[in-house]
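Working notes, beginning with the structure itself.
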Amino acid sequence: MTLDGTNTWVLRAPEAERSTVVDPGPDMAEHLAAIAEHRPFAAILITHGHADHVEGAQALSDLLGGTPVLAADPRHGVPFGDVSIDGLTIEVLRTPGHTHDSVSFVASAGDERVVLTGDTILGRGTTVVAWPDGDLGDYLASLERLSAYRGVVALPGHGPALADTGAAAAFYHAHRIARLDQVRDAVRAGASTAPEVVARVYADVDRSLWWAAEWSVRAQLDYLHGLDREFPSGSAGLDPP
């Protein structure tokens, strides 16, 4: 589910001494050593708390001699706001939805800007709204926010860079609205649980991926349930705790 693996991005303004790393990824010695070759680092930034993005953060910090780890969720680092590091300005955008703690970063140096989107926007395909931590209403709002960045390159958490963050966000938003219509139709045709909806809406998807589709369907059902109680909640069909 990580496409080609997790992207670790190393940022540095022209002529600057220090770098900033975004999403150090898994705790793999060879990978962390490759990141460390770009030292010195001012900070380690985290887009969200999934292990494939944050697992190696503390080990990298130790390897670099205590470089601070900054994250929206205090379980993964020190909460922070916009920062300026040796000519590189990083604006923090709250973009929850994939997870509750998802953020994106707008990095700029001079006239150049990029948006680091974590898993909110991927380099190809579409992302999972990771129910119950993820929330579809939040995700749609985050996509609307990112749609303002027309013509700005996106550096995603997985997959290749994208030429236009705003266009990608608009595409994702339209895709989610279309999926919601399909989920509505499935429920009105008799589906009453997330697995039943998946079987109708994702019938053309490899069954080995249905578990991930079920996460997104549960998030969609929760969203629709909040709008209209005729729809089952995302937890429908789950055994009670």
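Residue numbers (numbering that gives the first Met the number 0): 0 to 240. Here a beta-carbon is modelled for each residue, glycine too, at the ideal position from N, C-alpha and C.
Taking just the CA atoms, how far does residue j sit from residue i?
i	j	result
Asp-203	Arg-228	28 Å
Arg-38	Pro-231	51 Å
Gly-225	Gly-24	35 Å
Val-9	Asp-61	17 Å
Ser-18	Ala-42	8 Å
Ala-211	Thr-125	12 Å
Thr-1	Ala-188	Because the pLDDT at Thr-1 is just 47, under 50, the model does not fix this residue reliably, and the value given afterwards should be weighed accordingly. Roughly 33 Å separates the two Cα atoms.
Ala-147	Ala-33	34 Å
Ser-191	Tyr-222	15 Å
Ser-234	Leu-63	43 Å
Gln-181	Pro-95	23 Å
Judging by CA-CA distance, which residue of the options is the nearest neighbour of residue i?
i	options	result
Arg-11	Ser-107, Thr-94, Ala-28	Ser-107
Pro-78	Gln-57, Ala-70, Ile-84	Ala-70
Arg-93	Gly-86, Ala-129, Gly-80	Gly-80
Ala-160	Glu-14, Thr-125, Ala-166, Leu-121	Leu-121
Asp-85	Glu-54, Asp-72, Glu-16	Glu-16
Leu-139	Val-21, Gly-109, His-99	His-99
Asp-134	Arg-187, Thr-66, Arg-217	Arg-217
Val-127	Trp-209, Phe-40, Ser-234	Trp-209
Val-102	Asp-118, Arg-112, Leu-87	Asp-118
Thr-88	Val-197, Glu-54, Pro-13	Pro-13
Gly-76	Ile-45, Asp-110, Leu-63, Ser-83	Ile-45
Asp-3	Asp-184, Ile-176, Arg-123	Arg-123
Hey, quick one: how far does the alpha helix (DSSP H) through residue i stretch, first residue to last?
i	result
Ile-43	Per DSSP, Ile-43 belongs to no alpha helix (DSSP H); it is in the beta strand (DSSP E), 40-44.
Leu-161	Per DSSP, Leu-161 belongs to no alpha helix (DSSP H) and is neither H nor E.
Val-216	209-226
Val-53	50-53
Ile-34	28-35
Could you spell out where the beta strand (DSSP E) holding residue i opens and where it closes?
i	result
Ala-108	102-108
Leu-92	87-93
Val-9	8-10
Gly-117	111-117
Using a Cβ-Cβ cut-off of 8 Å (strictly less than) and excluding sequence neighbours within five positions of residue i, which residues of its own chain qualify?
i	result
Thr-5	Asp-22, Gly-24, Pro-25, Asp-51, His-52, Gly-156, His-157
Arg-149	Asp-163, Thr-164, Gly-165, Ala-166
Note down, in chain order, each residue of its chain lying with its Cβ closer than 7 Å to the Cβ of residue i, except the 5 sequence neighbours on either side.
i	result
Ala-167	Ile-120, Ala-153, Leu-161
Considering only residues of the same chain and omitting the five flanking positions on each side of residue i, which have a CB-CB separation below 6 Å?
i	result
Thr-116	Ser-103, Ala-153, Pro-155
Val-186	Phe-230
Glu-54	Pro-25, Asp-26
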